[in-house]
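If you're matching them up, the sequences are chains W and A in order. Numbering of the first sequence is given in my numbering, commencing with residue 1 and proceeding in unit increments. Numbering of the second sequence is given in my numbering, commencing with residue 1 and proceeding in unit increments.
There are 2 protein chains.
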Amino acid sequence: MPRAGLSPSSVVDAALAVIDERGAEALTLAAVAARTGVAAPSLYKHVGSLADLRVGVGVRIMDELTGRLGTAALGRSGDDAVTALMHECRAYVMQHPARYAAMPVDPLHNKELAAAGGRLLGVFLAVLRGYGMTETDAVHATRCLRAVVHGFATIQAAGGFGLPEDLDETYHRLVAMYVASLPRPERS
Amino acid sequence: MPRAGLSPSSVVDAALAVIDERGAEALTLAAVAARTGVAAPSLYKHVGSLADLRVGVGVRIMDELTGRLGTAALGRSGDDAVTALMHECRAYVMQHPARYAAMPVDPLHNKELAAAGGRLLGVFLAVLRGYGMTETDAVHATRCLRAVVHGFATIQAAGGFGLPEDLDETYHRLVAMYVASLPRPERS
DNA sequence: ACCAAAAGGCTAATGTCATTAGCCATCCCT
DNA sequence: AGGGATGGCTAATGACATTAGCCTTTTGGT
Numbered sequence: 001m002p003r004a005g006l007s008p009s010s011v012v013d014a015a016l017a018v019i020d021e022r023g024a025e026a027l028t029l030a031a032v033a034a035r036t037g038v039a040a041p042s043l044y045k046h047v048g049s050l051a052d053l054r055v056g057v058g059v060r061i062m063d064e065l066t067g068r069l070g071t072a073a074l075g076r077s078g079d080d081a082v083t084a085l086m087h088e089c090r091a092y093v094m095q096h097p098a099r100y101a102a103m104p105v106d107p108l109h110n111k112e113l114a115a116a117g118g119r120l121l122g123v124f125l126a127v128l129r130g131y132g133m134t135e136t137d138a139v140h141a142t143r144c145l146r147a148v149v150h151g152f153a154t155i156q157a158a159g160g161f162g163l164p165e166d167l168d169e170t171y172h173r174l175v176a177m178y179v180a181s182l183p184r185p186e187r188s
Numbered sequence: 001m002p003r004a005g006l007s008p009s010s011v012v013d014a015a016l017a018v019i020d021e022r023g024a025e026a027l028t029l030a031a032v033a034a035r036t037g038v039a040a041p042s043l044y045k046h047v048g049s050l051a052d053l054r055v056g057v058g059v060r061i062m063d064e065l066t067g068r069l070g071t072a073a074l075g076r077s078g079d080d081a082v083t084a085l086m087h088e089c090r091a092y093v094m095q096h097p098a099r100y101a102a103m104p105v106d107p108l109h110n111k112e113l114a115a116a117g118g119r120l121l122g123v124f125l126a127v128l129r130g131y132g133m134t135e136t137d138a139v140h141a142t143r144c145l146r147a148v149v150h151g152f153a154t155i156q157a158a159g160g161f162g163l164p165e166d167l168d169e170t171y172h173r174l175v176a177m178y179v180a181s182l183p184r185p186e187r188s
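Written as structure tokens, this is what we have:
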């Protein structure tokens with residue numbers, strides 16, 4: 001009975017692989033167990049439950065996205081930064097559609113997910129801060145941004161749009177619409 | 001062994017009741033069977049499978065929404081009509097959050113769902129037609145509208161926003177942002 | 001090096017669910 | 001009355017999550 005060398009983190013790795021290969025709904029302890037070469041109950045030594053694993057996966061995905069967004073926004077500000085963030089979001093979704101679909105929509109119901117969501121939100125808030133909005137306006141602007149990006153991403157990740165050829169154009173218009181709704185950024 | 005008087009439609013009714021009471025994830029043949037006072041396998045006399053039932057539920061929900069939107073848009077045109085549609089969408093989601101969550105995001109993968117989706121889309125297209133856009137522009141505008149409404153609705157239905165008190169305000173801003181992105185409607 | 005305990009695997013068992021097969025009662029039409 | 005369609009039922013199967021209890025490997029302290 002040699003050890004498989006698993007850890008909570010490597011189980012999440014395997015879960016992500018399952019999601020990437022077979023879709024978000026295919027995430028099952030049995031599938032992860034098969035992929036890690038272990039019996040299903042053994043996974044309970046590393047994760048509390050399937051729901052738990054989903055949380056871990058969600059955190060991992062959100063943090064991955066947060067990292068990419070941070071990089072994308074580096075050295076930019078104002079409309080430029082907002083545009084970069086929105087396009088990076090879409091790039092992520094196109095690259096990992098199943099991961100995006102696996103992201104929980106209700107991160108607030110779990111402490112770890114809420115924390116990861118907060119980190120993600122932080123990137124957006126940091127960029128919007130440059131517009132010199134009031135706190136209230138920034139909250140509304142962030143929510144709108146989230147709705148726009150999430151709506152488009154969800155529909156696209158699920159293959160909910162028909163003609164896929166000019167989706168880029170649609171997204172550009174969506175980004176332009178959002179950017180146009182922001183106040184002109186403060187000039188230094 | 002008295003008859004229960006079920007029909008495909010009444011099974012969908014029961015499914016909607018389950019969804020309303022216990023959430024979209026709680027839709028299970030066992031739950032529907034319990035609610036209709038019938039053994040689970042008996043449901044197969046009326047629906048082909050759980051996936052089938054989900055399709056029926058999705059169609060019902062989309063058509064219900066389509067009906068409400070049609071009514072909301074009656075006698076209106078241009079920005080007024082778009083605003084009314086968007087607010088009616090949100091009103092529906094607030095009234096039946098679980099139903100909205102039960103709506104499939106990928107209606108294209110099924111003929112019946114695609115048809116219902118087409119009917120829903122028709123209402124939006126009809127309203128946008130008044131703006132005298134090219135066909136291409138109308139497609140982009142519809143997609144953007146869908147992304148905006150769906151994004152907000154999804155997040156709200158899942159309880160994904162924090163402070164719920166000024167969500168109305170956020171949505172108003174979102175609607176205003178969208179309306180502002182449309183060309184000025186043609187005057188008669 | 002030793003040894004106890006912690007850690008990580010395993011098999012067996014349970015419960016929930018969808019789904020299929022095969023049986024029987026009820027209903028409707030003639 | 002009677003025969004087929006219709007709609008229920010029970011029993012069985014198979015996927016899955018989860019729990020319990022066992023056994024081996026690893027590891028930390030001496």
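C-beta: ideal position from N, C-alpha, C; glycine also.
### Query
Listing by chain order, which chain W residues have their CB less than 7 angstroms from the CB of A:Ile19?
Per Cβ cutoff of 7 angstroms: no residues; A:Ile19 is ~16 angstroms from chain W at best.
### Message
So that I know if they touch, is there some Cβ in chain A lying closer than 9 angstroms to that of W:Ile189?
### Response
The displayed coordinates of chain W run from 1 to 188. Any statement about residue 189 of chain W would go beyond what the structure contains.
### Query
Which one of A:Pro104, A:Val123, A:Val93, A:Asp13 has the shortest CA to CA distance from A:Arg76?
A:Val123
### Task
Any chance you could list the alpha helix (DSSP H) runs of at least 4 consecutive residues sitting entirely within the stretch 121-167 of chain W, in chain order?
The stretch 121-167 of chain W contains these whole alpha helix (DSSP H) runs: 135-157.
### Query
Between the stretch 101-113 of chain W and chain A, which residues of the former have a C-beta closer than 9 angstroms to a C-beta of the latter?
Ala101, Pro104, Val105, Asp106, Pro107, Leu108, His109
### Query
List, in order along the chain, the chain W residues whose C-beta lies closer than 8 angstroms to that of A:Val82?
Within chain W, no residue comes near A:Val82; the closest Cβ sits about 13 angstroms away, beyond 8 angstroms.
### Message
So the candidates are A:Asp168, A:Pro164, A:His140, A:Ala158; which of them puts its Cα closest to the Cα of W:Glu165?
### Response
A:His140
### Message
Just to confirm my understanding: we take W:Ala4, look at its own chain, exclude 5 residues before and 5 after, and list those with CB closer than 7 angstroms. What are they?
### Response
Cβ contact annotation for W:Ala4 (same chain, cutoff 7 angstroms, sequence separation greater than five): Thr36, Gly37, Val38, in chain order.
### Query
What do you get for W:Arg54, buried or exposed, if any count of 16 or more other CB atoms within 10 angstroms of its CB means buried?
buried
#### Entry: A:Met94: contacting residues in chain W (beta-carbon distance under 7 angstroms)
One finds nothing in chain W with a Cβ atom closer than 7 angstroms to the Cβ of A:Met94; even the nearest lies about 15 angstroms away.
### Query
Ends of the alpha helix (DSSP H) at W:Gly70?
Counted as a single uninterrupted DSSP element, the alpha helix (DSSP H) harbouring W:Gly70 occupies residues 50-73.
### Task
Classify A:Pro107 as helix, strand or coil using the three-state DSSP reduction.
Three-state DSSP puts A:Pro107 in a helix.
### Message
Any beta carbon of chain W sitting closer than 9 angstroms to that of A:Ser188?
### Response
Reliability of the predicted coordinates at A:Ser188 is poor, the pLDDT of 49 falling under 50, and no value is obtained from them.
### Query
Between A:Ser188 and the rest of its own chain, which residues show a CB-CB distance below 6 angstroms, the 5 nearest in sequence each way excluded?
Any reading at A:Ser188 must be qualified, since the residue scores a pLDDT of 49, below 50, and its modelled position is unreliable; the value itself is stated next. Spatial neighbours of A:Ser188 in its own chain (CB-CB distance under 6 angstroms, excluding positions within 5 residues in sequence) are not present.
### Task
Report yes or no: is there a C-beta of chain A within less than 9 angstroms of the C-beta of W:Arg184?
no
### Message
Can you tell me whether A:His96 is helix, strand or coil according to DSSP?
### Response
coil
### Task
Alpha carbon to alpha carbon, how far is A:Ile61 from A:Gly48? Give it in angstroms, no decimals.
Within the model, the alpha-carbon separation for A:Gly48 versus A:Ile61 is close to 19 angstroms.
### Query
What residue range is occupied by the uninterrupted alpha helix (DSSP H) comprising W:Val18?
8-22
### Whole-Å CB distance - W:Arg99 paired with W:Asp20, under 8 angstroms assumed
The beta-carbon distance between W:Arg99 and W:Asp20, rounded to whole angstroms, is 7 angstroms. This is short enough to meet the 8 angstroms contact definition.
### Query
Thinking C-beta only, is W:Leu43 closer than 9 angstroms to W:Val32?
Yes, the pair counts as a contact, with Cβ atoms nearer than the cut-off.
### Task
Answer yes if the stretch 167-184 of chain A comes into contact with the stretch 71-88 of chain A, meaning at least three C-beta pairs across the two stretches below 8 angstroms, and no otherwise.
yes
#### Entry: Closest Cα partner of W:Arg90 within the set W:Ala102, W:Glu112, W:Asp168
For the residues W:Ala102, W:Glu112, W:Asp168, the minimum Cα distance to W:Arg90 belongs to W:Asp168.
### Query
Exposed or buried, which one is A:Gly160 when buried takes at least 16 other CB atoms within 10 Å?
That one is buried.
### Task
Report the three-state DSSP secondary structure of A:Ser188 (helix, strand or coil).
The predicted position of A:Ser188 is uncertain, since its pLDDT is 49 and thus under 50; no value can be drawn from it.
### Task
Taking only beta-carbon positions, decide if W:Met177 is within less than 9 angstroms of chain A.
yes
### Query
Going along the chain, which residues of its own chain have a beta-carbon closer than 6 angstroms to the beta-carbon of W:Arg119, five neighbours each way excluded?
Thr66
### Query
W:Val38 by DSSP, collapsed to three states: which one?
Residue state for W:Val38 is assigned as coil, using DSSP reduced to three classes.
#### Entry: At least three beta-carbon pairs within less than 8 angstroms, the stretch 142-150 of chain A to the stretch 141-160 of chain W
The answer is yes - the stretch 141-160 of chain W touches the stretch 142-150 of chain A, with three or more Cβ pairs under 8 angstroms.
### Query
Out of curiosity, what's the CA-to-CA distance linking A:Asn110 and A:Ala102?
Going by the C-alpha atoms only, they are around 15 angstroms apart.
### Query
What's the call for W:Thr136, buried or exposed, on a 16-neighbour Cβ count within 10 Å?
exposed
### Task
May I have the straight-line CA-CA distance separating A:His87 from A:Thr134, to the nearest angstrom?
25 angstroms
### Task
Please confirm whether W:Glu25 and W:Val59 have their CB atoms less than 9 angstroms apart.
The Cβ-Cβ distance between W:Glu25 and W:Val59 does not fall below 9 angstroms.
### Message
Taking the alpha-carbon of A:Leu50 as reference, which of A:Leu182, A:Leu27, A:Glu64, A:Pro97 has the nearest alpha-carbon?
### Response
A:Leu27
### Query
Between A:Lys45 and the rest of its own chain, which residues show a CB-CB distance below 8 angstroms, the 5 nearest in sequence each way excluded?
Leu6
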